[in-house]
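Chains as they are written, first to last, in the working numbering: chain A, 1179 to 1752; chain B, 1179 to 1752.
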């Protein structure tokens, strides 16, 4: 039996149960939804009553109630539902001549169906009522507020259990929830949707990531630049991006003679830098990198915390190089990506996708079959030679060439593109990029577009969810709390705190009027990597009692030694 | 005599000299301009001829030529200028009945005047012809191209000399010229006016400045955050900025239900962060800082290199504190500003301005006489107590309160506001900012707006001009060149280079086919702080021959020692 139909029928059964428990109640509507169903009722019900309703539903299911469909005249329907004002409203609006009515036991509903034949088809252990919420009748705030009861339902109990487990996990790991709990970022109605404001703590995570990627890229021969966040719309017409991106680009700003627009990508900006002087083959590959703000106007329904925003900061780069050097450079990029992913502990959460073009789609893809085949083969043979598992996906390429996408799975198994390496043979043509080769002849280079740790916003979201907020030490906004046992120990606590700060450790001192155990509990909730308790013993021994995050034992250790250890751990990004 | 009139008369004398030297030449127009004058002619003249023309002008001036004005009929004027097509064009368009004509010796010009009575009034040693340029007749590119000769003129020779000296200095120090010569930033027609693109080298300067200010501010208790570059226009209406700034704000972007706009300032964003939770007096002062991108649409005529752009990055902060703590906090801010200015070597180039409101101007300034007087007194007594010279300027305050402006002079003595500290008693009211005081009562804080090193773009411009490109070591994009004498020394040069890089020194190796002396010359032009030449002697002694920027002597020093020294110098920002 179709699970959708079962879910819909469960909504009826829930309403039937309500009718038994609360005679005289008024009914709204009760459809099947994703993973479950709901029904709207006229009375308020506390969440505590859900088990009672579930119990009644199971009783009804066990009675093998049959669902009978009847077509009746509107007149007759009005009679049946004479005490149900919401149903009467629906009947009045019916387009059809006859009203469709379902009888299941002593419950009768206005409903087009379809439904199961009888409750025999429902597994009584594979559904669960989950929550109570308010909902305006027909979603209109001028209408009365009804109470909506939600349930989830699956074909078998195992599926229900898996789903509930994942939900519990999600609650714990959802980066939006963690962002609030750990005070990392906020949104403001006055600033606008999809535009996060980072608090001090969230900003520390971001700055650490930014510094990490900039330093690592400079070490690997990238030239880090700053280019403007906006440009003339003409720039994106020359680049060829405009027709592909204009639906998600912000509107044009007309001022004086100029038509300006917020940039949706960085490549044409980097090409302008390249074009500002002539380049010899000796200067290639030229790796131009930037922490680049990019602006895309996503629909509000698609926004989600830091995972999908209307402005983001991409660790972006464009490598301009000889065609024959492409393979070597792409290998370097994959090395860098694997290095950064491993520094972030994400290396086990992704897989490679080779995203190909479509020779038949001349509208979406630049027409040059030979160039496509060459570039696709370059990428394929790199992946093969590196001996890493990958899968191929047709029609996932950019309009200017094929790419390797690094597909990251989040904790509920949903896959998103986290990083990408793209082979571009179109950009150089559009902008007349060239270099002078060994023989003094103008040659066309190719461009590799790549991100190393992706969009900072999304990377933070991935990290928060992966670690359920307990970020690696080097990324933790606060790395240590110093907790004096009593006010006698404040002075030593301050000394410990000063030493930590002077050694570049982000520390806080907790000397307010709370019990030590309360402070420890709070520190655990705040996912502080090291809680240092100090009292008489510690003062005497110049030590600290260390409670490491996630561990139960307490280790007392000389302060000097602790600082040496934590500095090493931070430096080595353990 | 009015110098304007003298300049205008000099244009006539120049034309007269031309007529003597090139009979039959056609004349365009010849007005007085800033600091001088020009005249347009129909023939091309090489720059080398300028001294000859100047000589002829001096001869004419010594003849004490008299300027005679005549009003003639248009008919007559057409006769006088029958061989001068450009003049005929002007006569045809004359609105007046009579044409005004000036005779000076054998030269006659169509001109409204006024002019000097005779060339006796001109000091023959206080003018100079400066340059030749092409100019379309009446500025229209469809018209013929004429040759424009420019001159400068002053009342006395001393003024001319000073002006010429300053111009020569300007040529050497102009940050726009240096930006090109040292490859620091470029502009692109496709990106747009006033939107600089930083090259790798310019980006290094910017990143060093940014890291410097962020680290220093965090050390001093600032909380560094990231907030979005755009927001709903409503935010700036609530803040009260919109009416004051809307002429320089970018246009509104309407998308879906939202009206978004690029931010012209950061304060309302920081207030939104403050408002995201409740604050106790214990948390104040709260110093929220950001490297904040800001967007103002300046008219294209006002744009100037990095000094005035259409998008800039301000080292911005807003200190939210108790009114009674304002004085202490403003003192801290001035300490910070003096510290950063001194780290940049700018401490001798500025003076303080106390910018006051105007009790009578209720349109420009928020009406609260008591609050204005209180705040102005706070600022005045801080400046007095610090015992630093300052001057007061009426009507220079922000609409929300008085401020202390740090006025920086550039090399030609032009003064600009580099940093600012503002006392704001209006923002907290508009946004209902509050804190809970000791007694559990809601209290209104005040806000101090401040910048520490100002807009990064402008600071870079100031620095380039102050140091004529020879930036302090820690800010130099390339800190050292390694120059092997011959190819035998390449291996050791590479070793020296590697040591430098591994020790965090920004170095380049110069092993291309040029003479050592050419490389040294180039290094001097590029303002490289340390040129290290290595040959047999240096290999043997594990040393480098050091040529320090600005010094002529060469010092040979052990490589280890050199690295130790340069690291110290970088760290200490010497």
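Using N, Cα and C, we set each Cβ at its ideal position, and we do this for glycine too. These numbers were taken from a predicted model, which means no experiment stands behind them.
Using the beta-carbon of each residue, which ones in chain A are nearer than 7 Å to residue i?
| i | result |
| --- | --- |
| residue 1485 of chain B | By Cβ distance, chain A contributes nothing, its closest Cβ being about 16 Å from residue 1485 of chain B, past 7 Å. |
| residue 1539 of chain B | What residue 1539 of chain B touches in chain A: nothing, since even the nearest Cβ is about 29 Å away. |
Suppose the cutoff is 6 Å on Cβ atoms and the five residues either side in sequence are ignored; what does the same chain contact list for residue i look like?
| i | result |
| --- | --- |
| residue 1624 of chain B | 1501, 1504 and 1603 |
| residue 1667 of chain A | 1712 and 1713 |
| residue 1197 of chain B | 1285 |
| residue 1693 of chain A | none |
| residue 1191 of chain B | 1235 and 1238 |
| residue 1189 of chain B | 1208, 1215 and 1217 |
| residue 1537 of chain A | 1547 |
| residue 1707 of chain A | 1651, 1654, 1657 and 1727 |
| residue 1628 of chain A | 1495, 1511 and 1599 |
Whose CA, out of the options, lies closest to the CA of residue i?
| i | options | result |
| --- | --- | --- |
| residue 1487 of chain A | A:1534, A:1495, A:1477 and A:1557 | A:1477 |
| residue 1525 of chain A | A:1679, A:1637, A:1710 and A:1188 | A:1637 |
| residue 1723 of chain B | B:1663, B:1705, B:1699 and B:1680 | B:1663 |
| residue 1335 of chain B | B:1548, B:1367, B:1302 and B:1530 | B:1302 |
| residue 1584 of chain B | B:1571, B:1577 and B:1578 | B:1571 |
| residue 1470 of chain A | A:1633, A:1680 and A:1640 | A:1633 |
| residue 1358 of chain A | A:1341, A:1473 and A:1703 | A:1703 |
| residue 1462 of chain A | A:1468, A:1446 and A:1614 | A:1614 |
| residue 1433 of chain A | B:1372, B:1575, B:1652 and B:1319 | B:1372 |
| residue 1436 of chain B | A:1413, A:1485, A:1368 and A:1489 | A:1368 |
| residue 1744 of chain B | B:1709, B:1725 and B:1683 | B:1683 |
| residue 1544 of chain A | A:1454, A:1419, A:1612 and A:1324 | A:1419 |
| residue 1382 of chain A | A:1277, A:1397 and A:1363 | A:1363 |
| residue 1473 of chain A | B:1439, B:1269, B:1212 and B:1475 | B:1439 |
Along chain B, which residues have their Cβ under 7 Å away from the Cβ of residue i?
| i | result |
| --- | --- |
| residue 1343 of chain A | Neighbours of residue 1343 of chain A on chain B: none; closest Cβ ~32 Å, over 7 Å. |
| residue 1429 of chain A | 1431, 1432 and 1433 |
| residue 1377 of chain A | 1403 and 1451 |
| residue 1384 of chain A | 1404 |
| residue 1370 of chain A | 1409, 1410, 1436 and 1438 |
| residue 1447 of chain A | 1369 and 1375 |
| residue 1475 of chain A | 1433 |
Going along chain A, which residues have a C-beta under 9 Å from residue i?
| i | result |
| --- | --- |
| residue 1702 of chain B | Within chain A, no residue comes near residue 1702 of chain B; the closest Cβ sits about 21 Å away, beyond 9 Å. |
| residue 1461 of chain B | Per Cβ cutoff of 9 Å: no residues; residue 1461 of chain B is ~11 Å from chain A at best. |
| residue 1478 of chain B | 1434, 1435 and 1436 |
| residue 1471 of chain B | 1407 and 1471 |
Tell me which residues share the same chain as residue i and place their Cβ nearer than 7 Å to its Cβ, disregarding the 5 neighbours each side in the sequence.
| i | result |
| --- | --- |
| residue 1264 of chain A | 1204, 1205, 1206 and 1315 |
| residue 1422 of chain A | 1577 |
Under 8 Å Cβ to Cβ from residue i, same chain only, skipping five residues before and after it: list those, please.
| i | result |
| --- | --- |
| residue 1517 of chain A | 1394 |
| residue 1466 of chain B | 1400, 1401, 1403, 1448, 1451, 1452, 1495, 1496, 1497 and 1498 |
| residue 1348 of chain A | 1589 and 1590 |
Name the chain B residues that come within less than 8 Å of residue i, Cβ to Cβ?
| i | result |
| --- | --- |
| residue 1658 of chain A | Ordered by position in chain B, no residue passes the 8 Å Cβ test against residue 1658 of chain A, which lies about 17 Å from the chain. |
| residue 1454 of chain A | 1364, 1366, 1375 and 1377 |
At a CB-CB cut-off below 9 Å, which residues of chain B make contact with residue i?
| i | result |
| --- | --- |
| residue 1381 of chain A | 1401, 1402, 1403, 1404 and 1468 |
### the stretch 1392-1421 of chain B: positions lying closer than 8 Å to chain A by Cβ
1392, 1401, 1402, 1403, 1404, 1405, 1406, 1407, 1408, 1409, 1410, 1412, 1413 and 1416
### Query
Unbroken alpha helix (DSSP H) runs of length 4 or more, entirely within the stretch 1355-1421 of chain A: which are they?
1378-1397 and 1411-1417
### Task
Pick out the complete beta strand (DSSP E) segments inside the stretch 1718-1743 of chain A, 3 residues or longer, and give them in chain order.
1721-1726 and 1732-1736
### Task
Give, in chain order, every residue of the stretch 1486-1520 of chain A whose Cβ lies closer than 7 Å to some Cβ of chain B.
1489
### Whole runs of the alpha helix (DSSP H) within the stretch 1477-1521 of chain B, excluding any shorter than 4 residues
1504-1521
### chain B contacts made by the stretch 1334-1365 of chain A, where a contact means CB separation under 7 Å
1364
### Query
Where in the stretch 1560-1639 of chain A do unbroken runs of the alpha helix (DSSP H), each at least 4 residues long, occur, reported from the N-terminal end onward?
1605-1608
#### Entry: Completely contained alpha helix (DSSP H) runs for the stretch 1211-1236 of chain A, where each covers 4 or more residues
none
### Task
Quick one: which residues of the stretch 1654-1685 of chain A get their C-beta closer than 8 Å to a C-beta of chain B? List them in chain order.
none
### Task
With 7 Å as the limit, tell me which residues of the stretch 1625-1639 of chain A have their beta carbon closer than that to any beta carbon of chain B; keep them in chain order.
none
### Query
Can you give, in chain order, each stretch of the alpha helix (DSSP H) that sits fully within the stretch 1653-1686 of chain B and has at least 4 residues?
1668-1680
### Inside the stretch 1290-1356 of chain A only - alpha helix (DSSP H) runs reaching at least 4 residues
1335-1351
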